[in-house]
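**Q** So the sequences go chain by chain: A and B. Heads up, the first sequence is in my numbering, so the first residue is 8 and it goes up one at a time. Heads up, the second sequence is in my numbering, so the first residue is 8 and it goes up one at a time. Before anything else, here's the structure in question.
Number of protein chains: 2
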Amino acid sequence: MKLSTRGRYGLRALLDLALHQGEGLVLLKDIARRQEVSLPYLEHLIAPLIAAGLVKSTRGARGGVLLLKAPTEIKLSEVLELLEGSIAPVDCIDNPKLCHRSEFCVTRDVWVEMKIAMSQVLDSTTLQDLVERQRQKGQIETGMYYI
Amino acid sequence: MKLSTRGRYGLRALLDLALHQGEGLVLLKDIARRQEVSLPYLEHLIAPLIAAGLVKSTRGARGGVLLLKAPTEIKLSEVLELLEGSIAPVDCIDNPKLCHRSEFCVTRDVWVEMKIAMSQVLDSTTLQDLVERQRQKGQIETGMYYI
DNA sequence: CGATTGTTGACTAAACTAATCAACTTAGTA
DNA sequence: TACTAAGTTGATTAGTTTAGTCAACAATCG
């Protein structure tokens, strides 16, 4: 039941981007540096967010990325779905036909409850919430380094 | 964020065992057949449950396994912890020192909330609850086959 | 034109999953 | 006592997934 680096790094990258809203285009290179992720890898992480219209990218010199959708309108459930796929702990939740036991399987019911519990957290938290929490905690915004 | 077969098959095996409580020793071979898991694999799945004292095993002819702990006393959180390890979606929750960002990382706070949400489900459900739900749904108990 | 920046797809090493297999131990029974 | 039935343990393995890297490409700005 572990999140992969896609979900972890991807959400951090998006938060980083949100924290730099209003500063014009943000370089992936800078996000990569601040979030300590390699640039080539970050490019892959950000791709589904661009495809989904959360992020807008501009190529070429003076290019970069910026948030297209308001942070208040971005639910973490949406972000995680894009980055990791369904958060259902087992596939038979989204697709009961995968297992002929689905109909009478009570362990499946438990996994459904778990998915609902996770969704409640992720549906009720927006990127804006994370921005505010981060600003409260201070730190990080400047992109300064901690060793 | 997927559960592995260890958690899925293992919990199903334990539930199967609970459903056959009071019938004396249960053969792993029978559990394997009913749950459609290979016997050699099931042996590995059940091992941590034996080591933890939830299940008692008896070797040799007329051997088998039985529940040592009452189903009312077995929380799913305990079972899952044994089968899958911590349900924390990221390692830095159980061990903040793994990442130097832990202290001021607000995405980590989200993962903490997710872990709490999952734990609430798993802490509040016992094996006995599953036994009762399964008996209500009928089916399966006889070990009969469905094709 | 050329430097910069994002895009895409191919590729890869390492780790993990989901097993299988074989040798072993233990317990009952003929 | 020998045999068989059962669970135990450790080695091994094929396949998949993860977590990237690399290279070729496309677009934009000056």
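Built from N, CA and C at the ideal position, the CB exists for glycine as well.
Going by Cα to Cα distance, which pick from 33(B), 126(B), 73(B) is closest to residue 7(B)?
**A** There is simply no residue 7(B) to check, as chain B begins at 8 and stops at 154 in what is shown.
**Q** Let me confirm a value: residue 94(B) is counted as buried when at least 16 other C-beta atoms fall within 10 Å, else exposed. Which label applies?
**A** Counting Cβ neighbours within 10 Å, residue 94(B) comes out buried, since at least 16 surround it.
**Q** Against chain B, does residue 41(A) count as a neighbour if the rule is that its beta carbon must be under 8 Å from one of theirs?
**A** Chain B contact via Cβ: absent.
**Q** Quick check on the DSSP output: the beta strand (DSSP E) that includes residue 65(B) runs from which residue to which?
**A** From DSSP, the beta strand (DSSP E) with residue 65(B) extends over 62-65.
**Q** In angstroms, rounded to a whole number, what distance separates the CA positions of residue 4(B) and residue 62(B)?
**A** One cannot answer for residue 4(B) here, as it falls past the ends of chain B, which runs 8 to 154.
**Q** Give me the Cα-Cα distance between residue 113(B) and residue 132(A), rounded to the nearest whole angstrom.
**A** Taking the straight line joining both Cα atoms gives about 12 Å.
**Q** If the cut is a Cβ gap below 9 Å, which residues of chain A does residue 135(B) touch?
**A** Those do not exist, as residue 135(B) stays about 12 Å from chain A at its closest Cβ, beyond 9 Å.
**Q** Can you tell me whether residue 130(A) is buried or exposed, with buried defined as 16 or more other CB within 10 angstroms of its CB?
**A** That one is exposed.
**Q** Which same chain residues end up closer than 7 Å to residue 38(A) when comparing Cβ atoms and leaving out the 5 residues on each side of it in sequence?
**A** Excluding residues within five positions, the ones whose Cβ falls inside 7 Å are 20, 23, 24, 49.
**Q** What does the alpha-carbon distance come out to for the pair residue 42(A) and residue 16(A)?
**A** Distance between the alpha carbons of residue 42(A) and residue 16(A): 8 Å.
**Q** Leaving out five residues before and five after residue 148(A) in sequence, what residues of the same chain have Cβ atoms less than 6 Å from its Cβ?
**A** Any answer about residue 148(A) is weak, because its pLDDT of 48 lies below 50 and its placement is not dependable; what the coordinates show is given next. Same-chain partners within the cutoff: 26.
**Q** Kindly indicate the opening and closing residues of the alpha helix (DSSP H) around residue 33(A).
**A** Unbroken run through residue 33(A): none, as it is neither H nor E.
**Q** Suppose the cutoff is 8 Å on Cβ atoms and the five residues either side in sequence are ignored; what does the same chain contact list for residue 77(A) look like?
**A** Around residue 77(A): 135.
**Q** Quick one: what does DSSP say residue 128(A) is sitting in, helix, strand or coil?
**A** Residue 128(A): helix per DSSP, three-state reduction.
**Q** Would you please state the rounded distance, in angstroms, between the beta carbons of residue 5(B) and residue 91(B)? I believe it to be under 8 Å.
**A** As shown, chain B starts at 8 and ends at 154. That puts residue 5(B) outside it, with no answer to give.
**Q** Pick helix, strand or coil for residue 73(A), following the three-state DSSP scheme.
**A** It is a strand residue.
**Q** Drop a sphere of 10 angstroms on the beta-carbon of residue 123(A), count the other beta-carbons inside from all chains shown, and report buried for 16 or more, exposed for fewer.
**A** Classification for residue 123(A): exposed.
**Q** Can you tell me where the alpha helix (DSSP H) with residue 106(B) in it begins and where it stops?
**A** First-last for residue 106(B): undefined, no H or E at that position.
**Q** Could you name the residues of the same chain whose beta carbon sits closer than 6 Å to that of residue 97(B), not counting the 5 residues immediately before and after it, in chain order?
**A** For residue 97(B), where only same-chain residues beyond five positions count, the Cβ hits under 6 Å are 118.
**Q** How is residue 144(B) classed by DSSP in three states: helix, strand or coil?
**A** In the structure shown, residue 144(B) sits in a helix (DSSP, three-state: H, G or I).
**Q** Let's test the definition: count the other Cβ atoms within 10 Å of the Cβ of residue 145(A) and tell me whether it reaches 16, buried, or not, exposed.
**A** It counts as exposed.
**Q** What's the gap between the Cα of residue 100(B) and the Cα of residue 79(A)?
**A** For residue 100(B) and residue 79(A), the distance between alpha carbons rounds to 26 Å.
**Q** Compute the Euclidean distance between the alpha carbons of residue 128(B) and residue 105(A), then round it to the nearest angstrom.
**A** Taking the straight line joining both Cα atoms gives about 24 Å.
**Q** Please state whether DSSP places residue 82(A) in a helix, a strand or coil.
**A** Residue 82(A) falls in the strand class under three-state DSSP.
**Q** At a Cβ threshold of 8 Å, is residue 128(B) touching chain A?
**A** Closer than 8 Å: yes.
**Q** Does any residue of chain A bring its CB to less than 8 Å from the CB of residue 94(B)?
**A** Yes, residue 94(B) counts as interfacial toward chain A.
**Q** Using only the alpha-carbon positions, how far apart do residue 28(B) and residue 13(B) sit?
**A** Taking the straight line from one Cα to the other gives about 22 Å.
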